[in-house]
Amino acid sequence: MTSEFALIAAPIIPLAAALLVSLSGKIPNLRDSFSVLAGIILFGTVVSIVPDIMAGGRPAFTVVEVMPGLALGFLVEPLGMLFALVASGLWIVTTIYAIGYMRGHEESNQTRFFASFAVAIFASIGVAFASNLLTLFMFYELLTLSTYPLVTHQRTDEAMRAGRVYLGILFTTSICFLLFAVIWTWVITGTTDFTPGGILAGKAEGATVGVLLALFAFGTGKAALMPFHRWLPAAMVAPTPVSALLHAVAVVKAGVFTIMKIVVYIFGISFLASTGSNQWLIWVASATIVLASLVALTKDNLKARLAYSTVSQLSYIVLGAALANQAGVVGGSMHIAMHAFGKITLFFCAGAIYVAHHKTKVSEMNGIGRQMPITLFAFLIGSLSVIGLPPFGGSWSKWFITMGAYEAEQMIPFAILMVSSLLNVAYLLPIVFRGFFLAPKETSDDGHVGHVSDHDGPSPGIWKIGALREAPLFCVLPICMTAFGCLVLFFYASEMHKMLLPLGAP
Numbered sequence: 090m091t092s093e094f095a096l097i098a099a100p101i102i103p104l105a106a107a108l109l110v111s112l113s114g115k116i117p118n119l120r121d122s123f124s125v126l127a128g129i130i131l132f133g134t135v136v137s138i139v140p141d142i143m144a145g146g147r148p149a150f151t152v153v154e155v156m157p158g159l160a161l162g163f164l165v166e167p168l169g170m171l172f173a174l175v176a177s178g179l180w181i182v183t184t185i186y187a188i189g190y191m192r193g194h195e196e197s198n199q200t201r202f203f204a205s206f207a208v209a210i211f212a213s214i215g216v217a218f219a220s221n222l223l224t225l226f227m228f229y230e231l232l233t234l235s236t237y238p239l240v241t242h243q244r245t246d247e248a249m250r251a252g253r254v255y256l257g258i259l260f261t262t263s264i265c266f267l268l269f270a271v272i273w274t275w276v277i278t279g280t281t282d283f284t285p286g287g288i289l290a291g292k293a294e295g296a297t298v299g300v301l302l303a304l305f306a307f308g309t310g311k312a313a314l315m316p317f318h319r320w321l322p323a324a325m326v327a328p329t330p331v332s333a334l335l336h337a338v339a340v341v342k343a344g345v346f347t348i349m350k351i352v353v354y355i356f357g358i359s360f361l362a363s364t365g366s367n368q369w370l371i372w373v374a375s376a377t378i379v380l381a382s383l384v385a386l387t388k389d390n391l392k393a394r395l396a397y398s399t400v401s402q403l404s405y406i407v408l409g410a411a412l413a414n415q416a417g418v419v420g421g422s423m424h425i426a427m428h429a430f431g432k433i434t435l436f437f438c439a440g441a442i443y444v445a446h447h448k449t450k451v452s453e454m455n456g457i458g459r460q461m462p463i464t465l466f467a468f469l470i471g472s473l474s475v476i477g478l479p480p481f482g483g484s485w486s487k488w489f490i491t492m493g494a495y496e497a498e499q500m501i502p503f504a505i506l507m508v509s510s511l512l513n514v515a516y517l518l519p520i521v522f523r524g525f526f527l528a529p530k531e532t533s534d535d536g537h538v539g540h541v542s543d544h545d546g547p548s549p550g551i552w553k554i555g556a557l558r559e560a561p562l563f564c565v566l567p568i569c570m571t572a573f574g575c576l577v578l579f580f581y582a583s584e585m586h587k588m589l590l591p592l593g594a595p
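Anchor point for the sequence shown: position 20 equals 109 in my numbering, and the numbering is continuous, going up by one each time.
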């Protein structure tokens, strides 16, 4: 398979999966098999492009030329390659997890769920491989639309309110800010193509650069920079597999990916650093890192705590881009993958706890590790990776971002990164401590501490071995896979670093 053929096939695969899933909705096993198989095929297709990218190739394909200098097309470069690998690889494990979760929790409208999920992956691949701002914007908006049915999946009043916030913030920011920035860029440069070294040097200067950067940064609402972050915690009303999609596989990663790609290929890091227009973004990202972590400390709802953790962690990536040097850009790009594996593990664990024990609050986690040792040990691994401790992947990406701050002589952001890791410890590790070392607060009717009694409606497929009560196998297996991925990324970070090094070239 040539890289060009793989580039054309990659977006078609999830779109075909959405159609097959919709047509096979009355046969759940067949429907779910289509989803898993499509994920495997897509990942294999994306992986087949990697050798070409590592060798310096840049496969491209133009779909249609809208007008001279303005086309819809695809191009694969290192940053897009990384995002496509993350989205396609985690689609597989998230689909497997969703099968266990949706069946274990007896969710309705599962066909709509898996079809919408496939369309969201189609949009994510389009964002990853977009060759210009026009193509990226179209797929970025499609990603918002395709994930709305997932956010509002349960159709409750709370879910519908969350959906309105979701669409309201993401569409308002993208149409009022991002689209305006895209048009303005085209007007002053005559192109929207992603170009190594950027396209604004010699075309924009002074305040124009800073205003454009603000429009792009705040227009990319999916990056959840404060104050445009509220959609993310609100969307946690959705089922846990949707939370995993939002936080790790597609939505927020599409946001920070967009900011990184625009900094590298539209502004150019050398040009941006020389203008000094990046300074305000460094401070906004640093403030978001700290403030979101402090809010996370106050949240008793586990998914809400993890949501604000994501708001904080996303700004590590934005900060890496804003530093506008090689270490910061490469470290921030690496964090797209490192955070994805760590955070998806945490959300998978939260969902497994809910399926097996119907617990959603941190204060309810006492003793949960004695009943769900596999799940809580995976939660520990995911936490250590998010905190940035070796031997887990997050340690490398945070190291490079920190070195980027040091090289840019940004000592206050440098200190904030150190403090932030301590805050990560403060809001994540107490959950593990409660689960393993504190006695359960409740005793079930059968005498086993912390169990959900039969009248609480135990979900089908729960593992019950003595006092152990783990979630269904299709939930536990993906948890183990992503937790193991946190470890694997630590030892293979050098390959990722090598692939991303061209991003920091002058």
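Glycine residues also receive a C-beta, built at the ideal position from the N, C-alpha and C atoms. Quantities reported herein were computed from a predicted structural model and do not represent experimental measurements.
Please identify the residue among the options whose C-alpha is closest to the C-alpha of residue i.
i: Pro502; options: Tyr405, Thr399 and Tyr443; result: Tyr405
i: Ala439; options: Ala327, Leu168, Gly162 and Ile102; result: Ala327
i: Thr347; options: Ala515, Ala504, Leu380 and Ser220; result: Ser220
i: Gly357; options: Asn118, Gly458, Met570 and Ala293; result: Ala293
i: His530; options: Gly420, Gly114, Trp372 and Val451; result: Checking the sequence shown, residue 530 turns out to be Lys, not His. Ranking Gly420, Gly114, Trp372 and Val451 by Cα distance to Lys530 puts Val451 first.
i: Pro305; options: Trp275, Thr280, Asp282 and Leu268; result: Note that residue 305 is Phe in the sequence shown here, rather than Pro. Comparing Cα-Cα distances from Phe305 to each of Trp275, Thr280, Asp282 and Leu268, the minimum goes to Leu268.
i: Phe172; options: Ile371, Gly145, Gly215 and Cys569; result: Gly215
i: Ile378; options: Trp488, Glu498 and Ser509; result: Ser509
i: Phe579; options: Leu126, Leu112, Ala411 and Leu473; result: Leu473
i: Ser197; options: Pro238, Phe211 and Gly257; result: Pro238
i: Leu112; options: Ser583, Ala99, Arg201 and Val338; result: Arg201
i: Gly493; options: Pro519, Met423 and Phe430; result: Met423
i: Ala333; options: Met349, Tyr581, Met585 and Thr571; result: Thr571
i: Gln415; options: Gly593, Phe94 and Met227; result: Gly593
i: Thr245; options: Leu234, Pro316, Ala324 and Trp275; result: Ala324
i: Gly431; options: Thr449, Ala497 and Phe573; result: Phe573
i: Ile277; options: Ile355, Pro316 and Ser375; result: Ile355
i: Tyr255; options: Trp275, Leu234, Gln243 and Ile272; result: Leu234
i: Gly295; options: Gly128, Val352, Ala149 and Leu361; result: Leu361
i: Phe436; options: Thr183, Thr274 and Ala374; result: Thr183
Please list, in chain order, all residues of the same chain as residue i whose beta carbon is under 6 angstroms from its beta carbon, the five residues on each side excluded.
i: Gly524; result: Met454, Ile457, Gly458 and Leu465
i: Thr76; result: This structure cannot settle anything about residue 76, because the visible part of the chain is limited to 90 through 595.
i: Leu302; result: Ser366
i: Gly546; result: With a pLDDT of 47 at Gly546, under the threshold of 50, the modelled position of that residue is not reliable, and no figure is offered here.
i: Val298; result: Thr364 and Ser366
i: Thr491; result: Leu506
i: Asp535; result: Confidence in Asp535 is poor, its pLDDT being 40 and thus under 50, which makes the residue's placement unreliable; the coordinate value appears in the next sentence. No residues qualify anywhere along the chain.
i: Ala95; result: Thr134, Ser137 and Ile138
i: Lys350; result: Leu168
Can you round the beta-carbon distance between residue i and residue j to whole angstroms, since I take them to be within the 8 angstroms contact cut?
i: Gln55; j: Arg319; result: Since the displayed the chain opens at 90 and closes at 595, residue 55 lies outside it and no answer follows.
i: Pro167; j: Met588; result: 5 angstroms
i: Ile43; j: Leu179; result: Outside the shown range of the chain (90 to 595) lies residue 43, about which nothing can therefore be said.
i: Leu370; j: Val345; result: 12 angstroms between Cβ atoms; not a contact.
i: Val521; j: Leu469; result: 5 angstroms
i: Ser401; j: Ser382; result: 5 angstroms
i: Phe441; j: Cys569; result: Here residue 441 turns out to be Ala, not Phe, going by the sequence shown. Between Cys569 and Ala441 the Cβ distance is about 11 angstroms, and since that is not below 8 angstroms, they are no contact.
i: Gly158; j: Thr280; result: 6 angstroms
i: Asn513; j: Ile476; result: 4 angstroms
i: Pro100; j: Phe211; result: 6 angstroms
i: Ile102; j: Ile130; result: 6 angstroms
i: Ala337; j: Ala429; result: 4 angstroms
Per DSSP, which one or two residues make a beta bridge with residue i?
i: Met156; result: Leu159
i: Asn221; result: Asp282
i: Lys388; result: Note: Lys388 sits in no beta bridge, so no partner.
i: Lys450; result: Asn390
i: Leu164; result: Ala149
Who are the Cβ neighbours of residue i in its own chain at under 8 angstroms, not counting the five residues just before and after it?
i: Val341; result: Lys311, Ala312, Ala313, Leu321, Leu335, Thr399 and Leu403
i: Val155; result: Leu161 and Leu223
i: Gly308; result: Thr262, Ser263, Cys265, Phe266, Leu267, Leu268, Phe269 and Ala270
i: Ala499; result: The question names Ala, but residue 499 in the sequence shown is Gln. Taken in chain order, the residues that qualify are Ile371 and Leu412.
Can you list, in chain order, the residues of its chain whose CB lies under 7 angstroms from that of residue i, leaving out five sequence neighbours each side?
i: Ala343; result: Ser213, Val216, Tyr229, Leu232 and Lys311
i: Phe132; result: Ser177, Gly178 and Ile181
i: Phe489; result: Ala416, Val419, Gly420 and Met423
i: Ala515; result: Leu386
i: Gly114; result: Arg120 and Thr200
i: Val153; result: Ala160 and Leu161
Legend entry - contact_flag[the region 280-300, the region 256-269] where n(CB pairs < 8 angstroms) is 3 or more: no
Inset, instruction - Check whether the region 377-390 touches the region 478-487, counting contact only when three or more Cβ pairs, one atom from each stretch, lie closer than 8 angstroms. - result: A contact between stretches requires three or more CB pairs, one per stretch, nearer than 8 angstroms, and the region 377-390 fails this requirement with the region 478-487.
Legend entry - the region 160-167 / the region 121-129 touching (three or more Cβ pairs under 8 angstroms): Three or more beta-carbon pairs separated by less than 8 angstroms are not found between the region 160-167 and the region 121-129, which leaves the two stretches without contact.
Legend entry - Three-pair Cβ contact test at 8 angstroms for the region 430-449 versus the region 188-197: yes
Legend entry - contact_flag[the region 498-515, the region 419-429] where n(CB pairs < 8 angstroms) is 3 or more: no
Legend entry - Segment contact, 8 angstroms Cβ cut-off, at least three pairs: the region 324-344 with the region 180-189: yes
Legend entry - Touch test, the region 97-112 against the region 198-211, Cβ-Cβ under 8 angstroms, three pairs minimum: yes
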